[in-house]
């Protein structure tokens, strides 16, 4: 008896491979969508944790933490550490740094975020401050110090604090395009030299948020900048580098993921494109501000509200509504169905 065994022909193999390729092509977008949904969920959870930290801080101290202590001596990122299970990092920070040392090269250098006294803290990555949807969020700033022969580089973060509806320096008003816009207050500011619009308030209690906590943003997302730029390729894109005062905040002047450029403190801190940094430029008609941005699919950003909730805000939100959500005492009427 003959026992013939017949295998697949070449054509049959090619057909099977083609079917498998089609199935993979059909399934891949679904897999990618599921992975992004998981990343976005993690990002939301991070912001909720920051929200709990802000409420615990306010409950313990009677106010929200400072947004920044001038340029270089600590931001809200530091103040929140004890409330996100990072007490040891907080304890390791040396609070001696202050603008008063600016005339002393020795004292000024060692007590900055990247100085010898604090670099071990600012070079430590805290997962709760990182949005997994931003592939550049784990980039190092390129700024640091060497201790005992070991090089430390400061890390960046994905979340920024709300400095109001206008500019980072919180002027009482600005005139743009022939229209005057008034500062409506903000939950965070510079405790070392608060802007005139805050009536010299260094910190803000929840009782000062007359617009209502559910109608006021505390934090949002930002895309971490990467790459070198500036004169002789010596500086870095510092967006997301929120150990530094000018990078620790956003304002509501531009809507989320705006195609218009961020106004940075210096062109030396603007590296675009590299390869996909958001648009930016140095100070112009407006002084400086960072725009809320994310890499989430769907066109929008996660926003932490004053009541602790996290909301998804689309890029298409009205500029007037977005700016209203950025104020604490603007007395705007904002309905929940307007964003």
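Residue numbers (this note's numbering): 8 to 346. Glycine included, every Cβ here is placed at the ideal spot set by N, Cα and C.
Relative to the Cα of residue 49, the nearest Cα in the group 192, 139 and 224 belongs to 139. For residue 229, there is no enclosing beta strand (DSSP E), as DSSP marks it with neither H nor E. Between residue 148 and the set 156, 271 and 162, the nearest pair of CA atoms involves 162.
For residue 309, the enclosing beta strand (DSSP E) begins and ends at 307-312. For residue 46, same chain residues with a beta-carbon under 7 Å away, outside a window of 5 residues either side, are 139 and 140 in chain order. For residue 169, the enclosing beta strand (DSSP E) starts and ends at 166-169. Within the stretch 138-177, the runs of beta strand (DSSP E) that reach at least 3 residues and sit entirely inside it are, in chain order, 147-154, 157-162 and 166-169.
In the displayed model, residue 50 falls within a helix according to three-state DSSP. Secondary structure at residue 24: helix, using DSSP grouped into helix, strand and coil. Per the coordinates, the alpha-carbon of residue 267 lies some 40 Å from the alpha-carbon of residue 30. Collapsing the DSSP output to three states places residue 317 in a strand.
Rounded to whole angstroms, the gap between the alpha carbons of residue 319 and residue 173 is 21 Å. Residue 91 and residue 277 have their C-alpha atoms spaced approximately 31 Å apart. With the rule of 3 Cβ pairs closer than 8 Å, the stretch 254-273 counts as touching the stretch 291-305. Contact between the stretch 153-160 and the stretch 213-224 is absent, with fewer than three C-beta pairs closer than 8 Å. Ranked by Cα distance from residue 317, the first of 75, 227 and 287 is 227. Contact check between the stretch 245-262 and the stretch 330-337: three or more CB pairs, one atom from each, fall below 8 Å, which counts as touching. The bridge partners DSSP lists for residue 336 come to none. When rounded, the separation of the alpha-carbon atoms in residue 34 and residue 41 is 11 Å. The residues 119 and 120, in chain order, have a CB closer than 6 Å to that of residue 79 in the same chain once the five nearest residues on each side in sequence are set aside. Across the set 246, 193 and 115, the C-alpha of 193 shows the shortest separation from the C-alpha of residue 338.
The shortest C-alpha to C-alpha distance from residue 155 to any of 124, 115 and 242 is the one to 124.
Put simply, the backbone Cα of residue 59 is about 53 Å away from that of residue 23.
Straight-line spacing of the CA atoms in residue 179 and residue 171 works out to 11 Å.
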